[in-house]
Amino acid sequence: MMMWWDKKPEPNPVQLQWLLAGVRLGNDHLGAMAQAFTYAIEHTPSIQHHGTVSVQGVAYRPTGSDGPSAGAAMAVGFIALFKGDHIQRGIALTGTIEPGGQIGPVGSIPDKIRAAAREGYRTVLVPQGQMHDSQWNLIELGFQLNVTVKEVDTIDEAYQLMTGQRI
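This is how it looks when you write it as structure tokens:
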């Protein structure tokens, strides 16, 4: 996804718009985007939030899933946009947003790691407690794909790993 912020004085408060551009999102994904946007606004209180934030899909859905599993990544993206921080290349994140900024569990993590590896990512951040499962061993999969897999517990932790900055 690509995000940009038109900081015009109006609308106030800031509004979010999704530009289709050939990438359709399901209701779960759109709901996660709205939740991530709200989280980012609430966690950057010193910033004046006005104007319009536009989000455009620039890639295919690599796993063919619709759900809230990109919520944490979108929250990191919106916060970085508001603060002016850059997200480091080569790091991907999957996970939902839970109350208190926790990163919640998701499914199909091996598929997401394979898709990230195909796209050139070398680090994938996954929700705390999901490194091992009865169905997968993400350390072994990461080794096979030359991808480092790390667990993260909170949006704050993921933000620091992805930007090198604190929220």
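Read in order, the letters of the sequence shown correspond to residues 1448 to 1614 in the numbering used here.
Here a beta-carbon is modelled for each residue, glycine too, at the ideal position from N, C-alpha and C.
If you're wondering where the values come from, they're calculated on a predicted model, not measured in any experiment.
As computed with DSSP, Leu1540 is found in a beta bridge with Leu1572. Straight-line measurement puts the Cα of Pro1456 at about 38 Å from the Cα of Thr1570. The three-state reading of DSSP puts Asn1593 in coil, since its state is none of H, G, I, E or B. When the five nearest sequence neighbours on each side are left out, the beta carbons in the same chain lying within less than 6 Å of the beta carbon of Pro1515 are those of Asp1475, Ala1479 and Thr1543, in order along the chain. Under DSSP, the beta-bridge partners assigned to Met1450 are Val1502. Annotation: the continuous alpha helix (DSSP H) that includes Gln1607 extends over Ile1602 to Thr1610. In terms of Cα proximity to Asp1603, the closest of Leu1463, Gln1464, Ala1487 and Gln1462 is Ala1487.
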